[in-house]
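Visitor: Shown below is the structure under consideration.
There are 2 protein chains.
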Amino acid sequence: MIELLIRKLAHSAFLTEADCTTLRQLNLRTREVPAQQDLIREDDRPENVILILSDFTSRYKILDNGKRQIMALLVPGDFCDLHVAILGQMDHSIATLTASHVAEIPRGIIEDLTNNYPSITRALWWATLADEGTLREWLVNMGQRPADQQMAHLFCELHLRLLIVGLAKPSGCILPLTQKDLGDVLGLSGVHVNRTLQDLRSQDLVDLRKKWLQFPNLERLRRFCGFSPKYLHLTPRVNDSSSSSII
Amino acid sequence: MIELLIRKLAHSAFLTEADCTTLRQLNLRTREVPAQQDLIREDDRPENVILILSDFTSRYKILDNGKRQIMALLVPGDFCDLHVAILGQMDHSIATLTASHVAEIPRGIIEDLTNNYPSITRALWWATLADEGTLREWLVNMGQRPADQQMAHLFCELHLRLLIVGLAKPSGCILPLTQKDLGDVLGLSGVHVNRTLQDLRSQDLVDLRKKWLQFPNLERLRRFCGFSPKYLHLTPRVNDSSSSSII
DNA sequence: AAAACACGATAACATTTATTAATTTCTCAA
DNA sequence: TTGAGAAATTAATAAATGTTATCGTGTTTT
């Protein structure tokens with residue numbers, strides 16, 4: 001299971017073979033969490049760091065008026081709360097969208113890693129900073145792109161992030177969100193998500209059915225929404241022919 | 001000038017008196033930058049860390065279609081790029097909005113601080129993480145709040161951030177942005193910014209004229225937009241009566 | 001002082017997106 | 001297998017926001 005994390009961090013340009021060995025020796029206890037369950041709640045002071053191992057998880061906030069904004073989608077290999085250690089208190093919640101497997105890593109293990117393995121530390125930093133880049137890109141997406149391009153952009157991003165951890169095909173990937181969930185990610189109503197999805201489909205850009213996202217023509221899709229993955233800060237790995245062509 | 005930074009970091013709950021002394025001994029070289037000038041450009045690999053000393057600066061991205069999204073407003077006491085050291089390459093640009101004073105801090109000084117002063121290090125971490133919280137809140141703002149509340153929320157945030165560094169009055173603060181700039185922050189057209197501003201004014205919530213933001217009734221404004229500053233992670237300072245009531 | 005220019009205000013109109021509600025399809029549990 | 005609930009679809013209408021264009025005001029430049 002830790003392989004997911006290794007595959008992801010391999011794109012940071014910092015991880016060495018020795019680091020991989022170190023990580024593989026970690027003994028992770030995994031557990032299954034039902035759908036729509038909070039992993040961490042606003043105001044919590046989490047003691048452990050949670051690593052997502054399967055399915056999708058969301059950072060979200062719910063406003064006084066009952067509206068929900070999803071601020072991040074976490075996919076396998078992502079950490080929930082690597083950064084909260086210092087802050088102490090969560091200013092938002094994290095919940096599964098579907099039933100998921102997660103690992104809880106005691107904070108002590110993380111501290112040991114950051115104290116003794118500088119390149120792993122740098123890789124973890126990199127992961128946090130890539131998350132930040134993603135957050136900024138979502139803001140750009142929401143502020144400046146029309147609904148269809150915005151949605152297409154999100155799909156391109158998720159597809160690439162899943163490719164990196166070996167969980168997508170070149171032609172498509174899973175998308176276990178309801179249209180309402182998607183709306184809460186994009187800041188759109190569920191009805192408009194539906195309309196937009198059909199619009200993308202009619203343009204032969206995206207075909208979403210039964211939680212599977214299919215891209216008839218990925219290149220065209222990326223051009224359509226101006227997707228440029230620079231903000232994910234991926235470093236192509238030299239010794240992996242399959243991933244060198246992804247980006 | 002470093003006092004600005006100290007005042008800000010004092011809200012992190014980590015800074016000691018000794019830290020303040022350490023910071024005061026830094027010898028900063030400041031320079032003035034004209035309006036609308038890039039401090040850092042996309043793809044740069046900045047060698048120094050830039051600290052804002054006066055006026056407002058923006059993180060932004062420009063899309064293929066020419067639209068600009070401002071992803072952050074930096075106010076005096078904020079760092080531009082504390083985090084890019086590891087990432088290496090900027091995925092966005094930073095530009096002044098009006099003529100500004102900034103200090104360039106050699107990376108070596110930052111490294112010295114983080115190597116030898118753990119509580120300063122934690123305070124710098126805190127600043128980065130508060131930035132992240134702000135970014136998330138902007139996303140919530142854009143996705144779920146109508147234009148008037150969204151704008152009011154931005155004003156409440158800026159006012160509080162300026163209060164912290166001693167640059168605002170309880171009743172208002174400076175806002176050196178054009179309506180177009182505001183639109184690029186909020187994801188609204190310039191025309192709609194104008195409409196919304198008048199709307200807020202007619203509700204006696206905000207009065208913006210000549211770059212000065214006046215709040216006839218701050219409490220009502222905060223209630224109007226559901227402003228809750230938890231996401232800024234401010235720790236009230238015990239020995240400062242003026243700031244303890246701000247939050 | 002005059003000219004050029006940026007900014008703000010206003011209006012008319014177009015477009016996008018939200019809301020509500022009704023209907024169908026799908027999924028999952030009994 | 002069936003029934004109940006969730007999710008997706010569709011349509012009609014309303015509301016929010018964008019676009020374009022014009023005009024006035026103030027500011028900077030010459």
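The listed protein sequences correspond, in order, to chains A and B. According to full-length UniProt numbering, the first sequence is numbered sequentially starting from 1. According to full-length UniProt numbering, the second sequence is numbered sequentially starting from 1. Even glycine gets a Cβ: it sits at the ideal position worked out from N, Cα and C. Computed from a prediction, not measured in an experiment: that's the story for all the values here.
Below 7 angstroms between beta carbons: does that hold for B/Gln69 and A/Gly143?
Guide: For the purposes of this step, residue 69 of chain B is taken as the residue at position 69 of the second sequence. For the purposes of this step, residue 143 of chain A is taken as the residue at position 143 of the first sequence. Contact flag set, yes.
Visitor: Determine contact between the stretch 56–70 of chain A and the stretch 114–130 of chain A, defined as no fewer than three beta-carbon pairs at a distance below 8 angstroms.
Guide: The stretch 56–70 of chain A vs the stretch 114–130 of chain A: no contact.
Visitor: Quick one: grab the DSSP three-state call for B/Lys169.
Guide: Along the second sequence, read from residue 1 onward, the residue named residue 169 of chain B stands at position 169. In this structure, B/Lys169 counts as strand in the three-state DSSP scheme.
Visitor: Flag this pair as touching only if the stretch 48–55 of chain B and the stretch 118–138 of chain B have three or more C-beta atom pairs under 8 angstroms; answer yes or no.
Guide: no
Visitor: Please report the residue range of the alpha helix (DSSP H) in which B/Asp184 lies.
Guide: Residue numbering aside, residue 184 of chain B sits at position 184 when the second sequence is read from its first letter. Looking at the DSSP string, the run of the alpha helix (DSSP H) that includes B/Asp184 is 179–186.
Visitor: Could you spell out where the beta strand (DSSP E) holding B/Ala72 opens and where it closes?
Guide: To locate residue 72 of chain B, count along the second sequence from 1; it is residue 72. Taken as a continuous stretch (DSSP letters only), the beta strand (DSSP E) holding B/Ala72 covers 68–74.
Visitor: Applying the 10 Å Cβ sphere with the 16-neighbour rule, what's the burial state of A/Val102?
Guide: In the first sequence, counting from the first residue as 1, residue 102 of chain A sits at position 102. Under this definition A/Val102 is a buried residue.
Visitor: Can you tell which of B/Gln89, B/Gln203, B/Leu177, B/Leu63 has the C-alpha that lies nearest to the C-alpha of B/Lys211?
Guide: Position 211 of the second sequence, counting from 1, holds the residue named residue 211 of chain B. The candidate whose alpha carbon is nearest that of B/Lys211 is B/Leu177.
Visitor: Between the beta-carbon of B/Asp131 and the beta-carbon of B/Asp199, is there less than 7 angstroms?
Guide: Stepping through the second sequence from its first residue, residue 131 of chain B is reached at position 131. Stepping through the second sequence from its first residue, residue 199 of chain B is reached at position 199. For B/Asp131 and B/Asp199, no; Cβs fall outside 7 angstroms.
Visitor: How would you label residue 297 of chain B, buried or exposed, when you count the other beta carbons within 10 angstroms and need 16 or more for buried?
Guide: Since the first residue shown for chain B is 1 and the last is 247, residue 297 of chain B is missing from the structure and cannot be characterised.
Visitor: Could you tell me the distance, in whole angstroms, from the CA atom of A/Leu213 to the CA atom of B/Glu42?
Guide: Your numbering for residue 213 of chain A matches position 213 in the first sequence. Your numbering for residue 42 of chain B matches position 42 in the second sequence. The alpha-carbon atoms of A/Leu213 and B/Glu42 are separated by roughly 32 angstroms.
Visitor: Counting C-beta neighbours from all protein chains within 10 Å, is the total for A/Gly172 16 or more, i.e. buried, or is it exposed?
Guide: Within the first sequence, the letter at position 172 stands for residue 172 of chain A. Within a 10 Å sphere around the beta-carbon of A/Gly172 sit 16 or more other beta-carbons, which makes this residue buried.
Visitor: Locate the alpha helix (DSSP H) running through B/Asp207, then write down its first and last residues.
Guide: What you label residue 207 of chain B is simply residue 207 of the second sequence in a count that begins at 1. B/Asp207 -> not in any alpha helix (DSSP H); beta strand (DSSP E) instead, spanning 207–209.
Visitor: Does A/Gly60 come within less than 7 angstroms of chain B when only Cβ atoms are used?
Guide: Locating residue 60 of chain A in the first sequence gives position 60, counting from the first residue. The question names Gly, yet the displayed sequence has Tyr at residue 60 of chain A. Not one chain B Cβ lies under 7 angstroms of A/Tyr60.
Visitor: Indicate whether at least one CB of chain B lies closer than 7 angstroms to the CB of A/Tyr117.
Guide: Position 117 of the first sequence, counted from the first residue, corresponds to residue 117 of chain A. Closer than 7 angstroms: no.
Visitor: Please state if the CB of B/Gly166 and the CB of B/Arg59 are separated by a distance shorter than 7 angstroms.
Guide: For the purposes of this step, residue 59 of chain B is identified with residue 59 of the second sequence, where counting begins at 1. For the purposes of this step, residue 166 of chain B is identified with residue 166 of the second sequence, where counting begins at 1. Contact flag unset, no.
Visitor: Look up A/Arg31 in the DSSP assignment and give the residues it is bridged to.
Guide: Start at 1 with the first residue of the first sequence, and residue 31 of chain A comes out as number 31. DSSP lists A/Val102 as partners of A/Arg31.
Visitor: So, using beta-carbon positions, are A/Ala123 and A/Leu9 closer together than 7 angstroms?
Guide: Locating residue 123 of chain A in the first sequence gives position 123, counting from the first residue. Locating residue 9 of chain A in the first sequence gives position 9, counting from the first residue. Yes. Within cutoff.
Visitor: Could you give the DSSP three-state label for B/Thr235: helix, strand or coil?
Guide: Start at 1 with the first residue of the second sequence, and residue 235 of chain B comes out as number 235. In this structure, B/Thr235 counts as coil in the three-state DSSP scheme.
Visitor: For A/Asn217, which of helix, strand or coil comes out of DSSP?
Guide: One-based indexing of the first sequence puts residue 217 of chain A at position 217. In this structure, A/Asn217 counts as coil in the three-state DSSP scheme.
Visitor: Please name the residue, chosen from A/Met151, A/Gly88, A/Ser12, A/Pro216, that lies closest to B/Gly133 on a Cα-to-Cα basis.
Guide: As a position in the second sequence, residue 133 of chain B is number 133, starting the count at 1. For B/Gly133, the nearest C-alpha among the options comes from A/Gly88.
Visitor: Taking B/Leu51 as part of the beta strand (DSSP E), name the residues at either end of that continuous run.
Guide: Start at 1 with the first residue of the second sequence, and residue 51 of chain B comes out as number 51. First-last of the beta strand (DSSP E) with B/Leu51: 48–52.
Visitor: Do you know offhand how far A/Ala152's Cα is from A/Ile174's?
Guide: Taking the first sequence and counting its residues from 1, one reaches residue 152 of chain A at position 152. Taking the first sequence and counting its residues from 1, one reaches residue 174 of chain A at position 174. In a straight line, the C-alpha of A/Ala152 is about 15 angstroms away from that of A/Ile174.
Visitor: Count the other CB atoms, across all protein chains shown, that sit within 10 Å of the CB of B/Gly66; report buried if there are 16 or more and exposed otherwise.
Guide: Position 66 of the second sequence holds residue 66 of chain B. Exposed, by the Cβ-count rule.
Visitor: Cα separation between A/Ile94 and A/Val49?
Guide: Position 94 of the first sequence holds residue 94 of chain A. Position 49 of the first sequence holds residue 49 of chain A. Spanning the two alpha carbons is a distance of roughly 12 angstroms.
Visitor: Please determine, among B/Pro46, B/Met1, B/Arg45, B/Ser12, the residue with the shortest C-alpha to C-alpha distance to B/Phe31.
Guide: Taking the first residue of the second sequence as 1, we reach residue 31 of chain B at position 31. Note on identity: in this sequence residue 31 of chain B is Arg, with Phe being the wrong assignment. For B/Arg31, the closest alpha carbon among the candidates B/Pro46, B/Met1, B/Arg45, B/Ser12 is that of B/Met1.
Visitor: Quick one: does A/Val75 have its CB under 7 angstroms from some CB of chain B?
Guide: For this step, residue 75 of chain A is matched to residue 75 along the first sequence. Chain B contact via Cβ: absent.
Visitor: Can you check whether the CB of A/Gly77 is closer than 7 angstroms to the CB of A/Leu26?
Guide: Here the question's residue 26 of chain A lines up with position 26 in the first sequence. Here the question's residue 77 of chain A lines up with position 77 in the first sequence. Cβ distance not < 7 angstroms, so A/Leu26 and A/Gly77 don't count as in contact.
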